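**Q**
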Amino acid sequence: MIALAGAVCVSVSIEGCSDSESASPAASFASTPKDCAGLMAAVSQPLAQFAGQLFDSAGTFSKVDISDVPAAPGQETLMCSARYGLETFMSPAANSGQPRLRSVSIRFNVDTSADAEAAITRFFDSSQKSFNGSTTKLTALGSDAYAGTRVSGRVAESVTEFRVGNLAVDVITRGENYVRAGDSEGTSDSPELTTALRSGSEAIARAVNANLTSLMP
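Counting in the working numbering, the sequence shown runs from 122 upward without gaps.
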């Protein structure tokens, strides 16, 4: 259930509602989603566009075991992932620039401590400051949001993270493109791939944000 903090001005006939009174209040979430079951329906359209010819409509998101990662006090985390293409995937018919690997991970972080919204804001700010790559502030996505890209080895990735109330969500897209037909290796540093990863993570993040009412318990 989503609780709304603060009063909302809902009057139509009563005059005197100020802008501050009619502003959208912050959401308060009791926990993360219990599993990844609802994600595909929420993000299938931008995910299909991101994965391109590798997309499988029968695919699902799988829960990622992050039990070995220490959680912050009062914080609950759920991570879900979907993957298209394989590291060893070869296609003799593939052309330069076509997708060879696409994956997406979506992580929900909910803070339920006494100072939940302030705590998740600190978590969000720390994530952005520690990001090892270039970042850009985004608008019209939650209360605060940023996007960043980086390359690690042969695999490039883009991160879009946004915050709503006591919830922070980050969407990580990774991928490789073919260099030429039949290659068993891919490339991760082309401008085309970087653009695809960035637009993919942002579009999927916006779809998650638009469907929070159905995704969150």
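Glycine included, C-beta positions come from ideal geometry on N, C-alpha and C.
If you're wondering where the values come from, they're calculated on a predicted model, not measured in any experiment.
For I187, does the count of other Cβ atoms within 10 angstroms reach 16, so buried, or fall short, so exposed?
**A** One-based indexing of the sequence shown puts residue 187 at position 66. Per the 10 Å Cβ criterion, exposed.
**Q** So the candidates are L160, Q174, A317, R228; which of them puts its Cα closest to the Cα of E282?
**A** On the sequence shown, position 161 is the one that residue 282 refers to. Considering only alpha carbons, the answer is R228.
**Q** Does any CB atom of chain D fall closer than 7 Å to the CB of S279?
**A** In summary, chain D is missing from the structure at hand, where a single protein chain is found.
**Q** Cutting at 8 Å between CB atoms, please list the residues of its own chain near R327, excluding the five before and the five after it.
**A** Residue mapping note: residue 327 aligns to position 206 of the sequence shown, counting from 1. The residues are P167, L262.
**Q** Counting beta carbon pairs with one atom in the segment 251-267 and one in the segment 200-207, are three or more of them shorter than 8 Å?
**A** Result no; under three Cβ-Cβ pairs closer than 8 Å.
**Q** At the level of alpha carbons, what is the spacing between S165 and V292?
**A** In the sequence shown, the residue the question calls residue 165 occupies position 44. In the sequence shown, the residue the question calls residue 292 occupies position 171. Cα to Cα, S165 sits roughly 14 Å from V292.
**Q** Thinking C-alpha only, which one of D156, N298, T334 is nearest S224?
**A** Taking the first residue of the sequence shown as 1, we reach residue 224 at position 103. It is N298.
**Q** Using the three-state DSSP reduction, which class does L181 fall into: helix, strand or coil?
**A** Numbered from 1 along the sequence shown, position 60 holds the residue referred to as residue 181. The question names Leu, but residue 181 in the sequence shown is Thr. If DSSP states are grouped into helix, strand and coil, T181 belongs with coil.
**Q** So the beta strand (DSSP E) A266 belongs to, where does it begin and stop?
**A** Mapped onto the sequence shown, residue 266 falls at position 145. Residues 265-273.
**Q** With the cut-off set at 7 Å, would you say D265 and R284 are in Cβ contact?
**A** As a first step, residue 265 is located in the sequence shown; it is residue number 144 there, counting from the start. As a first step, residue 284 is located in the sequence shown; it is residue number 163 there, counting from the start. Closer than 7 Å, so yes.
**Q** Which residue comes first and which comes last in the beta strand (DSSP E) that contains F229?
**A** Position 108 of the sequence shown, counting from 1, holds the residue named residue 229. F229 -> beta strand (DSSP E) spans 220-232.
**Q** At what residues does the alpha helix (DSSP H) containing M161 begin and finish?
**A** As a first step, residue 161 must be located in the sequence shown, where it is residue number 40. Segment 160-172, the alpha helix (DSSP H) holding M161.
**Q** Span of the alpha helix (DSSP H) holding D246?
**A** What you label residue 246 is simply residue 125 of the sequence shown in a count that begins at 1. Counting along the chain, the alpha helix (DSSP H) containing D246 begins and ends at 237-251.
**Q** If you drop the 5 nearest sequence neighbours on each side, which residues of the same chain put their C-beta closer than 7 Å to that of S255?
**A** By 1-based counting over the sequence shown, the position of residue 255 is 134. Excluding positions up to five away in sequence, the list reads G269, T270.
**Q** For I325, name the three-state secondary structure that DSSP assigns.
**A** Working through the sequence shown from its first residue, we reach residue 325 at position 204. The answer is helix: DSSP assigns I325 an H, G or I state.
**Q** Candidates G321, G195, S178, G173: which alpha carbon is nearest T153's?
**A** Looking up residue 153 in the sequence shown gives position 32. It is G195.
**Q** Verify whether the separation of the beta carbon atoms of I241 and N287 is less than 7 Å.
**A** To locate residue 241, count along the sequence shown from 1; it is residue 120. To locate residue 287, count along the sequence shown from 1; it is residue 166. For I241 and N287, yes; Cβs fall inside 7 Å.
**Q** Taking C-alpha atoms, which residue in A331, L318, S273 lies nearest to Q170?
**A** What you label residue 170 is simply residue 49 of the sequence shown in a count that begins at 1. Answer by Cα proximity: L318.
**Q** Which residues does DSSP list as the beta-bridge partners of C201?
**A** As a first step, residue 201 must be located in the sequence shown, where it is residue number 80. DSSP output for C201 lists K184, I227 as bridge partner(s).
**Q** Measure the alpha-carbon distance for F245 versus F182 and round it to whole angstroms.
**A** Translated into positions along the sequence shown, residue 245 becomes position 124. Translated into positions along the sequence shown, residue 182 becomes position 61. Using only the alpha carbons, I get a separation of about 24 Å.
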